[in-house]
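Residues in the sequence shown are numbered consecutively from 11, following the numbering used here.
We put the beta carbon where it would ideally sit given N, CA and C, even for glycine.
Because the structure is a prediction, the values reported are computed rather than measured.
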Amino acid sequence: MAKKLTKRSEDYSKWYNELVIGADLAENSGVRGCMVIKPYGFSIWEKMQAELDRMFKETGHQNAYFPLFIPKSYFSKEASHVDGFAKECAVVTHYRLKDDGKGGVMVDPDAKLEEELIVRPTSETIIWDTYRKWIQSYRDLPLLINQWANVVRWEMRTRLFLRTTEFLWQEGHTAHATKEEAVAETEQMVNIYAEFAENFMAMPVIKGLKSESERFAGALETYCIEALMQDGKALQAGTSHFLGQNFAKAFDVKFTSKEGKQDYVWATSWGVSTRLMGALIMTHSDDNGLVLPPNLAPDQVVIVPIYRGDEQLELVSKVANEVMSELKAKGIRVKFDNRDTHKPGWKFNEYELKGVPVRLAIGPRDVENGTIELARRDTLTKETVSRNEVADIVVDLMDEIQKNLYKKAANYREENTTEVETYEEFKNVLETKGGFILAHWDGTIETEERIKNETKATIRCIPLDAKVEEGTCILTGKPSNKKVLFAKAY
């Protein structure tokens, strides 16, 4: 039986790591800073991927694939972009190994590449070099492409799912004839991310704009969704960037307009990564393990038989298989765990740790009484329900659990969002409570940096729905017309 997790209140970081490993989601690999995503973890990622992919395609995007390696010279073409990623790049310098004469291998010094290759930290440069060949006229626009891929960003401090050297993600890259179209696309995608986070992950998010210093390297504007984790820290869950004409100019991507004029195209890029797995875990899970929203759970229901001997197993299995068929017919993802290698109590603990939304237990007495024991993972409550009504009850419960998880997370966020007027108040809330803090800021990078250096809190975003109000910056006293969102963050 799995050992008990460290309590969140004792050591949140340790609890998180134990949960990821204990729930069989992922583990550290032989490569420093990289992880192995295990089948159960990957099946949750596949659910996320499938829903996002559907949403992208419904809005006219198509999938493609671009190379893992990017010539170093491509990075020199967009100055702010290379500045943003230079310190995180993994570089390939040679293309061959040879025998080292001691029974091992060494890099062949004669196999040096003429031009070094960067293992992609993001694909703007290679994609915009390609778009130059694909775009000639307004008829080729808009070009709406997404890629599901892995990327590498060299990290010193890593945590499973939240920050790893290699991670999985999707990156959308679009080209448009006008600025207005590109801005509309950028906004549409941040809305899609928010919709996915709230409807599928049951995770409330705040949509906003990044401050200038927090923008994506090479972007004119970065839109984001920010979520609050249970330890009072923020997590950036998705970003959508309006790139203006920067990349089009860097890679000479022009088109001929309807009027016959030549102009540079307007660009966007947007992405979410396996970091969403970390967000999902930290938004809902408890001291007993993972808590999964039904919309993303690989198994929404597990049926555990309780029996002694083959005769009872046969009796119980007959009912279990009937219930399983009824649930499947209603579109429920259900598993019947009839392994004889573990006792029911062990299985109960396992599925609690793995966050399966509903557990059904059936024993000989239940068969006799026409009942089934139903346990909910979100509330840890149990009840006895009618065998004949169980399928309908479970279908309704899926919706109820999904809404309950969202409501619980939204309530937590509301309770942990504080508006402050002074810097002393700001520091006090950070120290004693944490969470989101709404405060006036004078709009300068200098003030933002000073607050960050003194408190470790950053501007998470300038909320899109921030109300315009006269105020003064908490640090400098200079005028400000809206409050921005601060927090310590992952």
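Asked: Cβ pair W508, T140 closer than 9 Å; Found: Because the chain is modelled from 11 through 500, residue 508 falls outside the range shown and cannot be assessed.
Asked: Three-pair Cβ contact test at 8 Å for the region 232-243 versus the region 54-72; Found: no
Asked: Span separating the alpha-carbon of V312 from that of N379; Found: 21 Å
Asked: Rounded distance between the beta-carbons of L448 and R470, thought under 8 Å; Found: Not confirmed; about 10 Å, so no contact.
Asked: H104 burial status per 10 Å Cβ neighbour count (16 or more: buried); Found: exposed
Asked: Given 8 Å, three or more beta-carbon pairs between the region 79-87 and the region 117-133; Found: yes
Asked: Same chain, Cβ closer than 6 Å to S90, neighbours up to 5 away in sequence not counted; Found: A227 and G228
Asked: F66 beta carbon less than 9 Å from that of I136; Found: no
Asked: Any C-beta of chain C under 9 Å from that of G51; Found: The chain labelled as chain C is not found in the depicted structure, where only one protein chain is given.
Asked: G242 versus W144: straight-line alpha-carbon distance, rounded; Found: 46 Å
Asked: Proximity below 9 Å, CB of L178 to CB of W55; Found: yes
Asked: Alpha-carbon to alpha-carbon, K437 and A159; Found: 40 Å
Asked: Endpoints, beta strand (DSSP E) assigned at V368; Found: V368 to I372
Asked: C-beta contact flag for P374 and I316 at 9 Å; Found: yes
Asked: Selection from A420, G481 and N414 that minimises the alpha carbon distance to V430; Found: G481
Asked: Opposing strand residues paired with M45 [DSSP bridges]; Found: N38
Asked: K443, DSSP secondary structure in three states; Found: coil
Asked: Status (buried if at least 16 other CB within 10 Å, exposed otherwise) for D109; Found: exposed
Asked: Between the CA atoms of D262 and Y502 - distance to the nearest angstrom; Found: Given a span of 11 to 500 for the chain in the structure shown, any question on residue 502 remains unanswerable.
Asked: Uninterrupted alpha helix (DSSP H) stretches inside the region 344-424 (no shorter than 4 residues); Found: 354-363 and 374-379
Asked: Through-space distance from G40 to V102, alpha-carbon basis; Found: 20 Å
Asked: D475 beta carbon less than 9 Å from that of K217; Found: yes
Asked: DSSP-derived helix/strand/coil call for F436; Found: helix
Asked: Nearest residue (CA-CA) to N491, options V478, Y500 and L485; Found: V478
Asked: 9 Å Cβ cutoff met for L390 and E362; Found: yes
Asked: Element boundaries [beta strand (DSSP E), containing R9]; Found: It is not possible to answer for residue 9, since the shown part of the chain is limited to 11 through 500.
Asked: Beta-carbon contacts of Y433 that lie in its chain and below 6 Å, excluding the five residues immediately before and after; Found: I484 and L485
Asked: Backbone CA spacing between M239 and E424 [nearest angstrom]; Found: 12 Å
Asked: Residue nearest to T457 in terms of C-alpha spacing, selected from G70, T69 and E222; Found: E222
Asked: A289 vs A207 beta-carbon contact at 9 Å; Found: yes
Asked: Simplified DSSP assignment, three categories, for I316; Found: coil
Asked: Boundaries of the alpha helix (DSSP H) in which A289 is found, first to last residue; Found: R285 to H294
Asked: Buried versus exposed, by CB contacts within 10 Å (16 or more), S513; Found: Outside the shown range of the chain (11 to 500) lies residue 513, about which nothing can therefore be said.
Asked: H91: first and last residue of the uninterrupted alpha helix (DSSP H) it sits in; Found: A89 to F95
Asked: Any 3 or more C-beta pairs closer than 8 Å across the region 26-45 and the region 164-173; Found: yes
Asked: Euclidean distance between Cα positions of M116 and S23; Found: 39 Å
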